[in-house]
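The next block holds one structure in the form of structure tokens; read it before the comments.
2 protein chains.
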Amino acid sequence: MEARNLWRFVLLLALVLLLTWLHLPSLPNSKFHSRWYIPKNTFYSSSPTYHHLESETPQHPLDPLTIQEFNRVRTILSSHPLFKSSSSYTLNSVVLEEPDKKLVLKWKKGDPPLPRKASVVAVVKRVSHVLTVDLETGHVTSHENETDLVSGYPMVTLEDQFGVLEAPLRCPEFNNSFTKRGVNLADLVCLALSSGWYEKPEEENRRLMKVQCYSKEGTVNFYMKPIEGVTALVDIDRKEVVAVSDDGQNIPVASGANTDYRYSIQKLSGEMRLLNPISLEQPKGPSFSVDGHMVKWANWEFHLRPDPRAGIIISQVKVRDPDTSMLRNVMYKGFVSELFVPYMDPTEGWYFRTYMDAGEYGLQSKPLNPLNDCPRNAHYMDGVFASYDGTPYLQPNMICIFESYAGDIAWRHAECPITGLKVTEARPKVTLVVRMAAALGNYDYIMDWEFQTDGLIRAEVSEENSILILHILV
Amino acid sequence: MEARNLWRFVLLLALVLLLTWLHLPSLPNSKFHSRWYIPKNTFYSSSPTYHHLESETPQHPLDPLTIQEFNRVRTILSSHPLFKSSSSYTLNSVVLEEPDKKLVLKWKKGDPPLPRKASVVAVVKRVSHVLTVDLETGHVTSHENETDLVSGYPMVTLEDQFGVLEAPLRCPEFNNSFTKRGVNLADLVCLALSSGWYEKPEEENRRLMKVQCYSKEGTVNFYMKPIEGVTALVDIDRKEVVAVSDDGQNIPVASGANTDYRYSIQKLSGEMRLLNPISLEQPKGPSFSVDGHMVKWANWEFHLRPDPRAGIIISQVKVRDPDTSMLRNVMYKGFVSELFVPYMDPTEGWYFRTYMDAGEYGLQSKPLNPLNDCPRNAHYMDGVFASYDGTPYLQPNMICIFESYAGDIAWRHAECPITGLKVTEARPKVTLVVRMAAALGNYDYIMDWEFQTDGLIRAEVSEENSILILHILV
Chain Z
1 MEARNLWRFV
11 LLLALVLLLT
21 WLHLPSLPNS
31 KFHSRWYIPK
41 NTFYSSSPTY
51 HHLESETPQH
61 PLDPLTIQEF
71 NRVRTILSSH
81 PLFKSSSSYT
91 LNSVVLEEPD
101 KKLVLKWKKG
111 DPPLPRKASV
121 VAVVKRVSHV
131 LTVDLETGHV
141 TSHENETDLV
151 SGYPMVTLED
161 QFGVLEAPLR
171 CPEFNNSFTK
181 RGVNLADLVC
191 LALSSGWYEK
201 PEEENRRLMK
211 VQCYSKEGTV
221 NFYMKPIEGV
231 TALVDIDRKE
241 VVAVSDDGQN
251 IPVASGANTD
261 YRYSIQKLSG
271 EMRLLNPISL
281 EQPKGPSFSV
291 DGHMVKWANW
301 EFHLRPDPRA
311 GIIISQVKVR
321 DPDTSMLRNV
331 MYKGFVSELF
341 VPYMDPTEGW
351 YFRTYMDAGE
361 YGLQSKPLNP
371 LNDCPRNAHY
381 MDGVFASYDG
391 TPYLQPNMIC
401 IFESYAGDIA
411 WRHAECPITG
421 LKVTEARPKV
431 TLVVRMAAAL
441 GNYDYIMDWE
451 FQTDGLIRAE
461 VSEENSILIL
471 HILV
Chain Y
1 MEARNLWRFV
11 LLLALVLLLT
21 WLHLPSLPNS
31 KFHSRWYIPK
41 NTFYSSSPTY
51 HHLESETPQH
61 PLDPLTIQEF
71 NRVRTILSSH
81 PLFKSSSSYT
91 LNSVVLEEPD
101 KKLVLKWKKG
111 DPPLPRKASV
121 VAVVKRVSHV
131 LTVDLETGHV
141 TSHENETDLV
151 SGYPMVTLED
161 QFGVLEAPLR
171 CPEFNNSFTK
181 RGVNLADLVC
191 LALSSGWYEK
201 PEEENRRLMK
211 VQCYSKEGTV
221 NFYMKPIEGV
231 TALVDIDRKE
241 VVAVSDDGQN
251 IPVASGANTD
261 YRYSIQKLSG
271 EMRLLNPISL
281 EQPKGPSFSV
291 DGHMVKWANW
301 EFHLRPDPRA
311 GIIISQVKVR
321 DPDTSMLRNV
331 MYKGFVSELF
341 VPYMDPTEGW
351 YFRTYMDAGE
361 YGLQSKPLNP
371 LNDCPRNAHY
381 MDGVFASYDG
391 TPYLQPNMIC
401 IFESYAGDIA
411 WRHAECPITG
421 LKVTEARPKV
431 TLVVRMAAAL
441 GNYDYIMDWE
451 FQTDGLIRAE
461 VSEENSILIL
471 HILV
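Line by line, the protein sequences are chains Z and Y. So the first sequence is numbered by full-length UniProt numbering: it starts at 1 and just counts up by one. So the second sequence is numbered by full-length UniProt numbering: it starts at 1 and just counts up by one.
If you want it as structure tokens, here you go:
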């Protein structure tokens, strides 16, 4: 071959190569998007970086507090007399205080931002306080404590829960209940349970939790090995054991055999076929857009923000009217107000289990697991919340947004042959899903907001782990 | 560049090119699989070829009749005295007569085939006959006619329906009902409706249908322009008008404005966003296998066959027991026995509308529309049925089989941080769906059999076009 022909060949090859690359699936825009789901444990070896969040500013009156705003709340409170006078306090909740609905409805993109305020629930010297912090003026503009207005107790923080476990595990009476059952104290896994409200004089006017322990001997599924009837009642703020109850001596601790649910442990015989990987393909990408906290998809627009108590708050939901092409307001604010889980068992170890999973613990979550919890092309939104001392922290990948398609048909019509009309119409059923998953003990709640092009909104909470299935439509 | 280096460059390019091609999505194995769904009319310009079906032989005792077997039934019947003596007859149903259940359960792959028989329902000289044709001996081994055993009338054939329309459209009284309403006869679209059973003496002992007409003036959605109250009662076998009823003179014919549902006609303004294409991706292909009419997926095995009346018949469903790894029989036979659609309107034009859509019309379908009716990677199964004279014909792409995944979670568990255990498990929810769609007038039924890995079978019939939604769990 002459050099000239060779060059032609090279050019031709390069052209084919170029065309080939152009037809390749688009490159993943995140390390999460490039992986196929693997139906087993997935750990992230390195944490993603979130530097962009540190400089984030609110773009909409309902946007959640930013890192800078959380820090400003902390600074303002640290110079406030209430907190100056106390060596220790807990901020149980720091969230956006929404502006007046009328102002929000009037506000349009490009308008000057509405004044930003934070709503704070704090416990100082065992007294609850509800504060409003004005981020512009720098002052605490509202101040109520429980002597003025008793309205219950704040949510427990993760630090509250850790703190509650310490005292009983130092208590000989409590530990003795386990050793006399033959349970090795090193195998104990204990949970802090909300203790309900039964108007008992010794339980009034104090924040209390009960501690229930399990044995993790031989299984990670310790929920299957409860140490029945042993509970410690603990004062959250004083970190003191109030009472120990041991009512289940005759109830054995289960062996835990065959209770490990981990995929890596399951012994699937050759006959139990494994499924090939599957996900959703969208060669032109998803059809929704996320601008800050505003989501637009098909005929829908809404504002979406993570919340430490409700998990997801959907606001200003609008749907486009097909007749006028105008957006219509259909829902100003939607969220899961509560998940009430009463067990209705009168025994000493169970009567108090009347969990308010949103209001007592908060529907926060560990990161969603891409391709397992949400399909390919999902958009992930992080949550930024305040820890007990007001320091902002990140809940990465807390919410995912994706288009769902199960291969189903939204609408179809084929004309029958005797009419002589050739009509074959079919519309695939595609919906938009906003999802989060909250793990509270052995409950894994999946919260989905699903939007259909026909104007339907489905809000569904499902419990996907053991014991029971809940479906709550709000 | 020297020639040697140039060659190296060419080789390198070729290598990159090869690797690039190797990573391309696998080539579609059918013309249907290569197209993205387009949410509008889809017509097939050329028919696929089905030569392989002509030589097909049954591989399982429950396999449907093959083309060769249909032809053998025709040959056997043509020399039978009943059909020899008549110049015209109709075969309203020719299907497999299933062998005895005990024999089927005993039969194993590799065993000699069980004797094959066909069950035939025929109308000869306006008398219904139920016959069993033994395909081995070549004889008609069972013979009942309605004087021996009256058990109702056979399903109407497409030819019956065409035939029913002819007589009324030649009837001046019937046509006059339309012209006096200002309806152009050229705009008429008429349907043959089953007439119910009301013990009227003049309707006894004959096969009857009623003809209802619509105007297609200005719209393909003629169902929105019924000519109310005008019906003709027609004898199917004699092709005679028995009676004409005109009871709705004061009911106007609707204009039909804005009733065209075709995607190509819809005026979607720029604000009504269109969705990007979406389907299911399975880079390693689907996890099910179809061998003849046997389907295997995950822990499931079953036999599947198209049926001209029930649409889909599922047989010998087995699920693998996770404890023993053995297959367990869970359902011998499953099908939609009937779809009863009573309108409950006592007026003259409506009282008789009490359709038995399976038993009167049969749940056959036009071809499923790939990527609209079923997702990518679906497997399509053809139906072979007998027309009114026994000639076999093809219903291509009548049933689809696919794995469904909507981005949902079958099960998950994340351990809470205070336990110290690092557990994050999630299993995507994947199911197997067997689907067909039957279009009967303005009703488009979608019949899904859905298999879940947890052992659940869902059988769902949904009506996806106008008027109403039916959900029937069988």
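Don't be surprised by glycine CBs; every beta carbon is placed ideally from N, CA and C.
Name the two residues that bound the continuous alpha helix (DSSP H) containing Lys101(Y).
Counting along the chain, the alpha helix (DSSP H) containing Lys101(Y) begins and ends at 101-106.
Counting only Cβ-Cβ distances shorter than 8 Å, please list the residues of the stretch 216-247 of chain Z near chain Y, keeping chain order.
Listed by position, the residues of the stretch 216-247 of chain Z near chain Y (Cβ gap below 8 Å) are Lys216, Val220, Phe222.
I want to verify the contact list: residues of chain Y whose CB lies under 7 Å from the CB of Gly285(Z), in sequence order.
In chain order: Asn276.
When DSSP labels each residue in this structure, what does Pro392(Y) get in the three-state scheme?
It is a strand residue.
CB-CB under 7 Å to Thr453(Y), same chain, minus the five flanking residues each way: which ones, in chain order?
Counting only Cβ-Cβ distances below 7 Å, and skipping sequence neighbours, we find Ala298, Asn299.
If I'm right that Ser93(Z) touches Pro172(Z) with Cβ under 8 Å, what's the distance once you round it to whole angstroms?
Contact flag wrong, Cβ pair sits at about 36 Å.
Using 8 Å as the cut-off, can you tell me whether the stretch 433-446 of chain Y makes contact with the stretch 352-364 of chain Y, which would need three or more C-beta pairs spanning the two stretches below that distance?
The stretch 433-446 of chain Y vs the stretch 352-364 of chain Y: in contact.
Taking Lys239(Y) as the reference, give the member of Arg207(Y), Ser287(Y), His293(Y), Thr179(Y) with the closest Cα.
If we check each option's Cα against that of Lys239(Y), Arg207(Y) comes out closest.
For the ligand FMN, any of its heavy atoms closer than 6 Å to the Cβ of Pro154(Y)?
As presented, the structure is devoid of all ligands, the ligand FMN included, so that no description of it is given.
Which residues in chain Y have a C-beta closer than 7 Å to the C-beta of Ala414(Z)? List them in chain order.
Per Cβ cutoff of 7 Å: Lys366, Ala439, Asp444.
Return the CA-CA distance between Val164(Z) and Leu193(Z), expressed in angstroms with no decimal places.
In a straight line, the C-alpha of Val164(Z) is about 10 Å away from that of Leu193(Z).
So Arg262(Z) contacts chain Y; which residues on that side make the cut at Cβ distance below 8 Å?
Ordered by position in chain Y, the residues that pass the 8 Å Cβ test against Arg262(Z) are Val423, Glu425.
Residues in the stretch 287-313 of chain Z with C-beta within 8 Å of chain Y's C-beta atoms, listed in sequence order?
Result list: Ser287, Lys296, Trp297, Ala298, Asn299.
Quick one: is Gly256(Y) buried, meaning 16 or more other Cβ sit within 10 Å of its Cβ, or exposed?
Result: buried.
If distances are taken between C-alpha atoms only, which option among Met356(Z), Ile313(Z), Glu281(Z) comes closest to Gly383(Z)?
If we check each option's Cα against that of Gly383(Z), Ile313(Z) comes out closest.
For the candidate residues Val241(Y), Ser87(Y), Arg305(Y), Ile227(Y), whose alpha-carbon lies nearest to that of Gly248(Y)?
When only C-alpha atoms are compared, the closest one is Ile227(Y).
Return the CA-CA distance between Pro115(Y) and Thr57(Y), expressed in angstroms with no decimal places.
Their backbone Cα atoms lie some 13 Å apart in a straight line.
Could you tell me whether any Cβ in chain Z is nearer than 7 Å to the Cβ of Thr347(Y)?
Output row for Thr347(Y): interface = no.
Using the Cα positions of Glu217(Y) and Met344(Y), report the straight-line distance between them to the nearest angstrom.
For Glu217(Y) and Met344(Y), the distance between alpha carbons rounds to 29 Å.
For Ala243(Y), write down the residues that DSSP places opposite it in a beta bridge.
Note: Ala243(Y) sits in a beta bridge opposite Leu233(Y).
Assign Pro61(Y) to one of two classes, buried (16 or more other C-beta atoms within 10 Å of its C-beta) or exposed (fewer than that).
Under this definition Pro61(Y) is a buried residue.
DSSP beta-bridge partners for Gly349(Z)?
Looking at the DSSP assignment, Gly349(Z) forms no beta bridge with any residue, so it has no partner.
Identify which residue in Asp187(Y), Leu394(Y), Lys210(Y) has its Cα closest to the Cα of residue 484(Y).
As shown, chain Y starts at 1 and ends at 474. That puts residue 484(Y) outside it, with no answer to give.
Using 8 Å as the Cβ pair cut-off and three pairs as the minimum, do the stretch 280-300 of chain Y and the stretch 310-329 of chain Y touch?
Verdict: yes, contact present.
When the cut-off is 7 Å and only beta carbons count, does Gly455(Z) lie next to chain Y?
With 7 Å as the cut-off, Gly455(Z) does not count as an interface residue toward chain Y.
Any contact of the stretch 273-287 of chain Z with the stretch 391-406 of chain Y, i.e. 3+ C-beta pairs under 8 Å?
Counting Cβ pairs under 8 Å, three or more are found: they touch.
Measuring straight from C-alpha to C-alpha, what distance separates His129(Y) and Asn221(Y)?
Approximately 39 Å between the Cα atoms of the pair.
Express the C-alpha separation of Pro113(Y) and Val120(Y) in angstroms, rounding to a whole number.
Between Val120(Y) and Pro113(Y), the C-alpha separation is close to 21 Å.
Chain Y partners of Asn372(Z), CB-CB under 8 Å?
The contacting residues are Ile409, Arg412, Ala426, Arg427, Pro428.
At what residues does the alpha helix (DSSP H) containing Val76(Y) begin and finish?
For the record, residue 76(Y) in the displayed sequence is Ile; it is not Val. Segment 67-78, the alpha helix (DSSP H) holding Ile76(Y).
Could you please tell me which residues of the stretch 387-410 of chain Y, in chain order, have their CB closer than 7 Å to any CB of chain Z?
Residues passing the 7 Å Cβ filter: Phe402, Glu403, Ser404, Tyr405, Ala406, Gly407, Ile409.
Could you have a look at Pro226(Y) and say whether DSSP puts it in helix, strand or coil?
Three-state DSSP puts Pro226(Y) in a strand.
Hey, Ile401(Z) and Ala378(Z) are a contact pair by Cβ (cut 8 Å); roughly how many whole angstroms apart?
Confirmed, about 6 Å.
Please list the terminal residues of the continuous beta strand (DSSP E) segment that includes Gln316(Z).
Taken as a continuous stretch (DSSP letters only), the beta strand (DSSP E) holding Gln316(Z) covers 311-320.
My output table needs one value for Leu185(Z): the three-state DSSP class, helix, strand or coil.
Here Leu185(Z) sits in helix by DSSP.
Nearest chain Y C-beta to Gln68(Z) closer than 7 Å, yes or no?
Not closer than 7 Å to any Cβ of chain Y, the Cβ of Gln68(Z) fails to qualify, so no.
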